[in-house]
Structures are given as structure tokens and as C-alpha cells.
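Undergrad:
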Amino acid sequence: MRNALTHLRNQFWKGGLNMPTENQGRGSIHYALELYLDEKSNIVVAFTPAKLHTMIHNGIAWSNMHILGHILDPLGMSFHSLQESHVLFEPWPERMFLLGDVRLCHFSRDNTAVAQGLVRHYVRELDPARVIITALHRGPGPFRVEEPFEWQRGEELFSRLVKIAA
Numbered sequence: 038m039r040n041a042l043t044h045l046r047n048q049f050w051k052g053g054l055n056m057p058t059e060n061q062g063r064g065s066i067h068y069a070l071e072l073y074l075d076e077k078s079n080i081v082v083a084f085t086p087a088k089l090h091t092m093i094h095n096g097i098a099w100s101n102m103h104i105l106g107h108i109l110d111p112l113g114m115s116f117h118s119l120q121e122s123h124v125l126f127e128p129w130p131e132r133m134f135l136l137g138d139v140r141l142c143h144f145s146r147d148n149t150a151v152a153q154g155l156v157r158h159y160v161r162e163l164d165p166a167r168v169i170i171t172a173l174h175r176g177p178g179p180f181r182v183e184e185p186f187e188w189q190r191g192e193e194l195f196s197r198l199v200k201i202a203a
């Protein structure tokens, strides 16, 4: 037992373990996205299944999350199962619209900042005219849904995401 505790302590001091936070081991953060595209948006990526898949995969690789599997529907839906939940985009080209889900559990660490980073990455890559973002907090205690907010192209997104994650 003493050797195991010494190992954990050494890993902690080397930065190998994440410091516990308020959310670690407690539920998940789920960002539901409604992305409205226009002629300035990256519609080639949004509505080409292989390119949408690559965009999602690149965001996940950037975030250091671990992909367990993925489904690429020939009509465009791309679902990636992660070690701590999932990322999903469902395109509606006839309406110039995408639905997106970024959901990360807080099992091994607080993944709120990672989820926010993924949302920012996907919004930057797709360049929608506007996005409606709803944050859902799940886990021990009451299910909590934040008031959706609308983001328009040209506005700063990060500070808005931080406010709804609190």
C-alpha cells in the first residue's frame, strides 16, 4: 500500500495526475449546438461526410481525448464515441443547418474546458452565421439546463461559454 501511495504522490508532483476539481467524478457537460450556415460558411466541410468526419476527428485529437469508435453515415451524420462520452454532428444541407453535440463526462477529470475548446474549434472550422448553444449539466444532483444563448459571426465566443459553464 505504501508503494502505491508513493507512486501516486510522485505522479502528482510530476504533473501526471490532474488535481481534483469541483466537477471531477461528477456527471458531465453537454453542449447542444444548432449551427445556421450561409454562403460565407465552410459548407464543403459541413456537407461532405468525409470532410466533416476529419474535422471532428482533428478536434478530438487536439483535445487529447481518446476515440473508442465512430460511425460515419453515408448521408453525412458523424458520431464519435469517446472514452468520456461523444461528439456528434448531423448535417441538414437542404436547410443549411447542422445539429451538434459535444458531451464530455467528468469521470477522470473536469472536462469543461476541453468541451469548450471543442465547441470553439468546430465553430471556427465551420464559420456559421449564427449558433444557438445550450449547456446541459448532468450528474449527481439535479439535471440543470442553462438558458440557450445565440452567438453571431464576429462575436467573441469564449467568454460566453465560460459564463454558461459556471
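Heads up: the sequence shown begins at 38 in my numbering, then just goes up one per residue. Beta carbons: idealized from backbone N, C-alpha and C, even for Gly.
#1: Mapping DSSP to helix, strand and coil, what is L89?
#2: Just to confirm before moving on: does the CB-CB distance between L155 and G96 stay below 7 Å?
#3: Provide the residue span of the alpha helix (DSSP H) that contains R161, from first to last.
#4: Based on the DSSP output, what are the partners of V82 in its beta bridges?
#5: Considering only the beta carbon of each residue, do V168 and L74 sit closer than 7 Å?
#6: By Cβ distance, which residues of its chain are closer than 7 Å to S122, with the 5 residues on each side in sequence left out?
#7: Evaluate the contact criterion for the stretch 128–136 versus the stretch 78–89: three or more CB pairs, one atom per stretch, below 8 Å.
TA: In terms of the structure at hand:
#1: helix
#2: yes
#3: 149–163
#4: V82 is not bridged to any residue.
#5: no
#6: S65, R140, L141, C142
#7: yes
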